[in-house]
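> Mind looking over this structure? Questions follow.
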Amino acid sequence: MTERNTDHVTMKSEQVPVVADTDVVVVGAGPAGVSAAVSAARNGCSVTLLERYHHLGGMASGGMVLVLDDMVNEGNEVVTTGVVNEFVDRMAAQDGAVFPPPEDCLTSMEMWQKWSRWGCIDFHKTGHPQPIIHAVAFDPDAWKRVSLDLVKEASVNLRLHSWFSDALVEDGRVTGVVCQTKLGRQAIRAKMVIDASGDLDVASAAGAEFIQGQYIVTTVFRLCDVDTDAAEAFEYANPEEYKKLDRQARRIIGGAWGMWWLKTPLPGIVWCNCPHMPGYDGLSPEDMVAAEYEGRERMMNLLAFARDNIPGFENAKMLGAAEQMGVRQTRLLKGEYVVTKDDVKSRRHFADSVCRGRDYYTPYRALLPKGVDNLIVAGRHYSVESEAQKMSREIPPCMSQGEAAGVAVALALNAGSALRDVDARAIQKQMRAQGADPGDVPSANALVEEKAEA
Ligand SMILES: Cc1cc2nc3c(=O)[nH]c(=O)nc-3n(C[C@H](O)[C@H](O)[C@H](O)COP(=O)(O)OP(=O)(O)OC[C@H]3O[C@@H](n4cnc5c(N)ncnc54)[C@H](O)[C@@H]3O)c2cc1C
Numbered sequence: 001m002t003e004r005n006t007d008h009v010t011m012k013s014e015q016v017p018v019v020a021d022t023d024v025v026v027v028g029a030g031p032a033g034v035s036a037a038v039s040a041a042r043n044g045c046s047v048t049l050l051e052r053y054h055h056l057g058g059m060a061s062g063g064m065v066l067v068l069d070d071m072v073n074e075g076n077e078v079v080t081t082g083v084v085n086e087f088v089d090r091m092a093a094q095d096g097a098v099f100p101p102p103e104d105c106l107t108s109m110e111m112w113q114k115w116s117r118w119g120c121i122d123f124h125k126t127g128h129p130q131p132i133i134h135a136v137a138f139d140p141d142a143w144k145r146v147s148l149d150l151v152k153e154a155s156v157n158l159r160l161h162s163w164f165s166d167a168l169v170e171d172g173r174v175t176g177v178v179c180q181t182k183l184g185r186q187a188i189r190a191k192m193v194i195d196a197s198g199d200l201d202v203a204s205a206a207g208a209e210f211i212q213g214q215y216i217v218t219t220v221f222r223l224c225d226v227d228t229d230a231a232e233a234f235e236y237a238n239p240e241e242y243k244k245l246d247r248q249a250r251r252i253i254g255g256a257w258g259m260w261w262l263k264t265p266l267p268g269i270v271w272c273n274c275p276h277m278p279g280y281d282g283l284s285p286e287d288m289v290a291a292e293y294e295g296r297e298r299m300m301n302l303l304a305f306a307r308d309n310i311p312g313f314e315n316a317k318m319l320g321a322a323e324q325m326g327v328r329q330t331r332l333l334k335g336e337y338v339v340t341k342d343d344v345k346s347r348r349h350f351a352d353s354v355c356r357g358r359d360y361y362t363p364y365r366a367l368l369p370k371g372v373d374n375l376i377v378a379g380r381h382y383s384v385e386s387e388a389q390k391m392s393r394e395i396p397p398c399m400s401q402g403e404a405a406g407v408a409v410a411l412a413l414n415a416g417s418a419l420r421d422v423d424a425r426a427i428q429k430q431m432r433a434q435g436a437d438p439g440d441v442p443s444a445n446a447l448v449e450e451k452a453e454a
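Quick note: the sequence shown, position 94, residue 94 per the numbering used here, numbers continuous.
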């Protein structure tokens with residue numbers, strides 16, 4: 001982790017223009033932030049959504065993370081519905097999403113050969129072939145378009161090119177945010193703030209407790225002009241030879257999950273969710289520069305190897321690396337409840353569960369900071385232990401957190417109450433009304449304990 005500077009300058013005090021006065025400001029327009037903004041707006045709030053970049057989607061578009069995972073519990077029970085389904089349906093209608101029909105979700109070699117290179121397998125199961133499950137391969141630009149459509153239709157006040165820099169806090173209550181723009185600093189006053197920055201920028205600036213987490217970072221990239229039919233035919237006809245080449249490829253890229261290339265909805269274009277680069281601090285500009293150099297060198301080495309050795313990749317070219325560095329974990333909230341690895345692994349159910357992913361449940365308390373009012377978080381920086389976050393940070397559950405946070409702020413504003421006084425049962429009820437699964441009803445494989453239910 002990079003040492004922070006000890007040399008400082010003192011800034012002059014300044015008058016910052018107020019550019020919006022809103023019920024809710026959402027900081028960060030990734031999967032969690034867009035879901036939160038749309039959910040709050042649909043529940044009657046005026047909403048301003050701030051994003052530092054020119055596009056919506058965070059890791060799902062700029063980060064080019066192109067498979068929606070952790071959507072199903074055992075038995076292919078789909079648990080991330082609501083706004084997640086809206087994204088999938090809308091992207092599919094634009095040929096921007098591919099997923100197996102329920103009848104293909106089986107454990108068989110035939111289905112493995114049909115679906116595994118789309119990433120629609122249960123990575124948590126060992127053995128071969130792994131089960132085919134409901135997961136969605138999608139196109140990053142389709143994600144951007146759908147995000148923009150949803151935000152516009154919900155009349156959210158969108159402010160791009162606006163980099164959050166300060167939280168406005170009075171007597172322990174957040175009253176708005178300040179962001180940096182090309183026009184200088186701008187303030188947004190808000191009754192409620194949703195931190196969906198992924199790095200806990202707002203909550204940490206507002207004085208909320210957090211832990212400093214860290215995990216591997218990745219310069220995700222795509223290759224074009226790949227003959228995926230030829231590559232798959234070779235793999236299935238020559239499994240041992242393919243495995244040998246694959247091992248070499250993975251050594252060259254330096255760390256990858258089970259499959260280093262997956263198909264995308266665009267023919268001939270594959271995405272590569274690698275390399276794995278440990279030891280970098282996703283908050284540090286210096287570390288991000290070093291990771292950029294390292295990742296790009298590794299990906300070009302892999303391309304050269306694939307072109308020379310792997311059937312189907314002879315004409316492959318570098319389409320490009322993701323616009324955003326793939327940062328998985330930085331600051332994590334230390335909120336009203338901290339989700340543990342044991343909670344996730346044991347599938348512990350919580351009476352105040354407001355959303356879920358795969359086979360785990362997220363209590364409302366894990367979205368609430370301690371000691372700071374009018375603030376809620378949604379997304380990968382929620383209140384969770386570092387090891388537990390690594391198992392519970394996929395895109396769909398982050399979206400469900402956002403949807404629940406949007407409902408929570410609307411309920412608090414309607415009742416004129418503090419966020420921590422919102423009854424989780426009211427959130428669950430509204431989530432159900434929106435078609436989302438809040439996890440109020442534990443699945444058959446959940447661990448239901450009185451302690452967690454208290
Ligand atoms: C390399 C990699 C591979 C992954 N693989 C998968 C996978 O296969 N399937 C899966 O489902 N998940 C995967 N994940 C996890 C998933 O992508 C993230 O956990 C998820 O995108 C988190 O969503 P989020 O909205 O919380 O955060 P992010 O997606 O990080 O979005 C945060 C948003 O906030 C904005 N923002 C940040 N700071 C500021 C600021 N100061 N001011 C204004 N805006 C700001 C960002 O620009 C961004 O738009 C992967 C992640 C990585 C990095």
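Note that beta-carbon positions come from the ideal geometry of N, C-alpha and C, so glycine has one too.
(1) Check C45 in the structure and name its three-state DSSP category.
(2) For T6 and E286, what's the separation of their Cα atoms in angstroms?
(3) Checking the sheet assignment: what are the DSSP bridge partners for P129?
(4) Roughly how far, in whole angstroms, is the beta-carbon of K317 from the beta-carbon of E209, given that I think they are within contact range, below 8 Å?
(5) Considering only C-alpha positions, which residue in the set V65, M64, R159 and G96 is nearest to G28?
(6) Can you give the Cα-Cα distance for W260 and G335, rounded to whole angstroms?
(7) According to DSSP, K114 sits in a beta bridge with which residue or residues?
(8) Quick check: what's the CA-CA separation for L66 versus G357?
(9) With DSSP as the reference, label P267 as helix, strand or coil.
(10) In whole angstroms, what separates the C-alpha of K345 from that of Q113?
(11) Could you pull out every residue in the same chain whose Cβ sits closer than 7 Å to the Cβ of A405, ignoring the five residues on either side in sequence?
(12) Counting only the same chain and skipping the five closest in sequence on each side, list residues whose C-beta sits under 6 Å from that of M391.
(13) Can you tell me whether W143 is helix, strand or coil according to DSSP?
(14) Using a Cβ-Cβ cutoff of less than 6 Å, which residues in the same chain neighbour S301 once the five nearest sequence positions on both sides are dropped?
(15) What's the gap between the Cα of A20 and the Cα of L183?
(16) Hey, would you say the C-beta of T181 is under 6 Å away from at least one heavy atom of ligand 1?
(17) Tell me the DSSP secondary structure of V409 in three-state form.
(18) Does the stretch 177-191 touch the stretch 296-311, meaning 3 or more C-beta pairs lie closer than 8 Å?
(19) Mapping the DSSP letters down to three states, classify M325 as helix, strand or coil.
(20) Would G268 and S353 qualify as a contact pair, given that the criterion is a beta-carbon distance under 7 Å?
(21) Taking its Cβ as the centre, do 16 or more other Cβ atoms sit within 10 Å of K125, making it buried, or is it exposed?
(22) CA-CA distance, A415 and L262?
(23) From what residue to what residue does the alpha helix (DSSP H) around L303 run?
(24) Can you have a look at W257 and say buried or exposed, based on whether 16 or more other CB atoms are within 10 angstroms of its CB?
(25) Looking at the strands, I want to know which residues DSSP matches up with V458.
(26) For H161 and A190, what's the separation of their Cα atoms in angstroms?
(27) Could you check which residue in D373, Q401 and A203 has the C-alpha nearest to that of S417?
(28) Name the residue from E14, K429, R331 and A92 whose alpha carbon lies nearest to the alpha carbon of V202.
(29) If L528 sits next to V38, beta carbons under 8 Å apart, how far is it from one beta carbon to the other, in whole angstroms?
(30) Throw me the rounded Cβ distance for the A167 and A205 pair, which I believe falls under 8 Å.
(31) Hey, is W118 close to ligand 1, as in C-beta under 6 Å from one of its heavy atoms?
(32) If you measure from the CB of W163, is any heavy atom of ligand 1 nearer than 6 Å?
(33) May I have the straight-line CA-CA distance separating A351 from P31, to the nearest angstrom?
(34) Please go through the same chain and pick out, in chain order, the residues whose beta-carbon is closer than 7 Å to the beta-carbon of C45, but skip the five residues on each side of it.
(35) Looking at the strands, I want to know which residues DSSP matches up with P363.
(36) Going by the C-beta, is S197 closer than 6 Å to any heavy atom of ligand 1?
So, from the listed chains and residues:
(1) C45 falls in the coil class under three-state DSSP.
(2) The alpha-carbon atoms of T6 and E286 are separated by roughly 16 Å.
(3) P129 is not bridged to any residue.
(4) Not a contact, Cβ separation roughly 47 Å.
(5) Nearest C-alpha to G28: R159.
(6) Between W260 and G335, the C-alpha separation is close to 36 Å.
(7) Within the DSSP bridge table, the entry for K114 names no partner.
(8) Here the alpha carbon of L66 sits roughly 17 Å from the alpha carbon of G357.
(9) The answer is coil: DSSP assigns P267 none of H, G, I, E or B.
(10) Rounded to whole angstroms, the separation of the alpha carbons of Q113 and K345 is 30 Å.
(11) Within the same chain, A405 has close Cβ partners A36, I194, L367, I376 and A378.
(12) Correct list, in chain order: V344.
(13) In the structure shown, W143 sits in a helix (DSSP, three-state: H, G or I).
(14) It is Asn, not Ser, that sits at residue 301 in the sequence shown. Exclusion of the five residues before and after N301 leaves I252 as the residues of its chain whose Cβ lies within less than 6 Å of its Cβ.
(15) A direct Cα-Cα distance of roughly 15 Å separates A20 from L183.
(16) Outside the cutoff, so no.
(17) V409 falls in the helix class under three-state DSSP.
(18) Touching, no.
(19) M325 carries a coil assignment under DSSP once its states are collapsed to helix, strand and coil.
(20) No, these two residues do not count as a Cβ contact at 7 Å.
(21) Under the 10 Å beta carbon count, K125 is surrounded by fewer than 16 other beta carbons and is classified as exposed.
(22) Each residue's Cα considered, the two are about 47 Å apart.
(23) Counting along the chain, the unbroken alpha helix (DSSP H) around L303 starts and ends at P285 to N309.
(24) Classification of W257: exposed, given that the 10 Å Cβ count is below 16.
(25) The structure shown does not extend to residue 458, since the chain is modelled only from 1 to 454, so the question has no answer here.
(26) Straight-line Cα distance between these residues: approximately 19 Å.
(27) For S417, the closest C-alpha among the options D373, Q401 and A203 is that of D373.
(28) Nearest of E14, K429, R331 and A92 to V202, Cα basis: R331.
(29) The chain is shown from 1 up to 454; residue 528 falls before or after that span and cannot be answered.
(30) Rounded, the Cβ-Cβ distance is 4 Å, consistent with contact.
(31) W118: no, Cβ never under 6 Å from ligand 1.
(32) W163 has its CB nearer than 6 Å to a heavy atom of ligand 1.
(33) Each residue's Cα considered, the two are about 25 Å apart.
(34) For C45, where only same-chain residues beyond five positions count, the Cβ hits under 7 Å are D23, V24, V409, A410 and L413.
(35) Paired residue(s): S353.
(36) In this structure, S197 has its beta carbon less than 6 Å from a heavy atom of ligand 1.
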